[in-house]
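Report on the structure given below.
Numbering (our numbering), first residue to last: 4 to 131.
Following this line, the structure appears as structure tokens:
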């Protein structure tokens with residue numbers, strides 16, 4: 004996987020981009036949408052800035068990541084024991100080897116990530 008214009012941050016909950024850009028997707032943003040266009044092999048992930056006091060200094064109201072050429076997409080069901088509010092809280096984001104595609108809850112530190120690794124997002128309600 005190749006990212007254009009951003010990279011995964013070192014805390015596995017954040018994004019960084021040139022010019023000092025930084026977004027903490029766990030604390031300062033709530034996940035709002037996943038939109039997949041199979042005919043275009045395009046995936047759009049969206050976040051909205053948290054209304055919490057701690058996120059007031061965040062300069063972006065929304066963040067969107069667009070992925071093109073998507074050849075694999077798997078979604079793990081949420082745990083119904085969690086309230087729906089936990090669906091928008093990212094626990095981690097990392098690149099994972101293809102041979103562990105079913106291990107959503109594991110965190111892989113991306114220092115040695117290969118170009119064919121998958122992007123995995125895991126949320127508080129255990130959906131991924």
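Glycine residues also receive a C-beta, built at the ideal position from the N, C-alpha and C atoms.
Since we're looking at a predicted model, the values are computed, not measured.
Original post:
Which partner residues of residue 108 appear in the DSSP bridge assignment?
Top reply: Translated into the one-based positions of the chain shown, residue 108 becomes position 105. Residue 108 pairs with nothing; no bridge assigned.
**OP:** Could you tell me the boundaries of the beta strand (DSSP E) in which residue 33 lies?
**Re:** Within the chain shown, residue 33 is the residue found at index 30, counting from 1. That run of the beta strand (DSSP E) goes 32 to 40.
Original post:
Based on Cα-Cα distance, which residue from 44, 102, 19 and 49 lies nearest to residue 64?
Top reply: In the chain shown, residue 64 corresponds to position 61, counting from 1. If we check each option's Cα against that of residue 64, 49 comes out closest.
**OP:** For residue 3, name the three-state secondary structure that DSSP assigns.
**Re:** Limits of the chain in this structure are 4 at one end and 131 at the other, which puts residue 3 out of reach.
Original post:
Should residue 30 and residue 52 be called a contact, given that it needs their Cβ atoms to be closer than 8 Å?
Top reply: Here residue 30 refers to the residue found at position 27 of the chain shown. Here residue 52 refers to the residue found at position 49 of the chain shown. Not in contact: residue 30 and residue 52 (Cβ atoms no closer than 8 Å).
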